[in-house]
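So the structure is just underneath, and the comments pick up after that.
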Amino acid sequence: MNNYTCIDVPFNSRHTCWFCGEPCSDFLDFPANHRNVSDISHQPLAVPSCNECSSFKTTSGVKSIWALRDQIKHQLMSKYAKHLGIGLNWTETELKESDFTGSVLGGFGKSAWPMYQIAKERIAYKGWPITIDELPLDGYDETSGFTYDGTRYLSLHTCIDYYVKSLSLDKDLLTQAVDIVTPERFGYALKIAKLNKFISAQERSQILEELLLQESEAAEANLELEKQSRQCTVPHPNLKKVTISGTVATTESIQWALDRKVKTLDDLCRLEDDFFDDFEHLGGTGAFLAYNGLQLYLEARENPTWVERIDPNAEFWVSYI
Ligand SMILES: [Zn+2]
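Here the sequence shown is numbered in numbering that gives the first Met the number 0, starting from 0 and rising by one per residue.
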């Protein structure tokens, strides 16, 4: 025992492991050896910890209690990868309906889901904010690590390792797929790896080539879309949208009409195709509604009294056309 100060323990969390949420009666000293006190970024601490979490070997050079937590979670993940894999490979209903019989498989069907849930809860458990005599401990770096599907991993690499292990995935495929689609779209890379578990080196490079091509095509399409949206009509800031019988003539569509000198329903009818081309980005229904709104607006404008009394854009039609 090093006689470190114990962190504050909320009443509801008495006898709870700060790392995994399991019941516990003991404390973990951090740093384990008091000669390492000067190596860590905060004061030495005693933290409630279950026997299992306390038993994990951690690497030296761990600078904070949160970094230690990441390492312990990582160990839990590796240890329970099989249990966690149950939830990734099966749904609870599938397990219930699986009709496993026999001593081994029957037991699997019954206990698999609870085992998965326990493992998942322990990994996801976040502990409580660390305070000592009600003063918060500084120095937590939220930016380190990698989060996917609500679970924080020591790093992107750890997350990849975890999925590779629990789902028996092709590690090179997942790693390189993440590289191509970026870690932000980890879920997508994971899907590809799940669909292609047992592959030859040749199949792997084929999949990756296709993925690369697909990504560069998507990037090009995005550029094109951006270009198009820049060509889109930018309405004059003083233009007002007009609502007639619940249908809206948007400022974009009114500006479009002004730019093309579309004054009447007949004018609009002649340029109907152009309108739908130019408002394609709204989708079929959106473009149709915009067209309909403009139709109703132009129809209303056939009445000079309406124009004079109600049309909020009357002056634009005078000055533009
Ligand atoms: Zn624990």
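Heads up, the beta-carbon is just placed ideally off N, CA and C, and yes, glycines get one too.
Between which residues of its own chain and residue i is the CB-CB distance below 7 Å, once the five residues before and five after are set aside?
i: Asp171; result: Arg203
i: Leu67; result: Phe29, Thr57, Val61
i: Lys119; result: Leu83, Gly86
i: Thr325; result: Missing from the structure shown is residue 325; the chain here goes from 0 to 320 and no further.
i: Asp265; result: none
Inspect the beta-carbon positions of residue i and residue j and report whether they are closer than 8 Å.
i: Leu210; j: Ile179; result: yes
i: Trp127; j: Ser12; result: yes
i: Ser54; j: Asp25; result: no
i: Pro43; j: Cys16; result: no
i: Ile131; j: Thr4; result: yes
i: Ile243; j: Ala299; result: yes
i: Thr263; j: Leu293; result: no
i: Ala289; j: Leu281; result: yes
i: Ser40; j: Ser63; result: yes
i: Tyr124; j: Phe185; result: no
i: Pro311; j: Val261; result: no
i: Tyr161; j: Met76; result: yes
i: Glu133; j: Asp7; result: yes
i: Gly20; j: Arg121; result: yes
i: Leu238; j: Phe315; result: yes
Measuring CA to CA, which of the options is closest to residue i?
i: Ala286; options: Lys62, Glu251, Phe145, Ala188; result: Glu251
i: Phe278; options: Ser244, Ser199, Ala256; result: Ala256
i: Asn195; options: Arg34, Ser167, Lys239, Trp65; result: Ser167
i: Lys164; options: Val261, Ala218, Ala192, Phe18; result: Ala192
i: Ala327; options: Gln74, Lys81, Ala45, Phe274; result: Because the chain is modelled from 0 through 320, residue 327 falls outside the range shown and cannot be assessed.
i: Arg34; options: Glu51, Leu27, Pro236, Asn1; result: Asn1
i: Thr246; options: Asn291, Cys49, Thr304; result: Asn291
i: Met114; options: Asp265, Lys81, Val36; result: Lys81
i: Leu27; options: Asn237, Glu51, Trp316; result: Glu51
Identify, in the order they occur along the chain, each residue of the same chain with its Cβ nearer than 8 Å to the Cβ of residue i, setting aside the five sequence neighbours on each side.
i: Phe197; result: Asp169
i: Leu207; result: Leu172, Gln175, Ala176, Ile179
i: Ile159; result: Lys170, Leu173, Thr174, Val177
i: Gln70; result: Phe55, Thr57, Thr58, Val61, Leu153
i: Asp137; result: His41
i: Pro135; result: Pro128, Ile129
i: Pro182; result: Phe145, Leu155
i: Leu270; result: Arg259, Val261
On the three-state DSSP scale, how would you describe residue i?
i: Leu27; result: strand
i: Ile129; result: coil
i: Ile243; result: strand
i: Thr58; result: coil
i: Arg184; result: helix
i: Val233; result: coil
i: Pro311; result: coil
i: Leu189; result: helix
i: Val46; result: strand
i: Pro9; result: coil
i: Leu134; result: strand
i: Tyr3; result: coil
i: Arg34; result: helix
i: Tyr162; result: helix
i: Thr250; result: helix
i: Thr15; result: strand
i: Tyr124; result: coil
i: Arg151; result: strand
i: Thr92; result: helix
i: Phe197; result: coil
i: Thr146; result: strand
Given residue i, which residues of its chain have a CB within under 6 Å of its CB, disregarding the five upstream and five downstream residues?
i: Asp306; result: The amino acid at residue 306 is misidentified as Asp; the sequence shows Val. Result list for Val306: Arg300, Ala313, in chain order.
i: Tyr79; result: Ala118
i: Asp258; result: none
i: Phe145; result: Tyr152, Ser154, Leu155, Cys158
i: His73; result: Leu153, Thr157
i: Pro234; result: Thr250, Glu251, Gln254
i: Phe275; result: Ala286
i: Ala248; result: Val241, Gly292, Leu293, Tyr296
i: Pro9; result: Trp127
i: Pro22; result: His14
Notebook entry, point to check: Which residues, in chain order, sit with a beta-carbon under 5 Å away from any heavy atom of ligand 1?
Noted result: Cys16, Phe18, Cys19, Glu21, Cys49, Cys52
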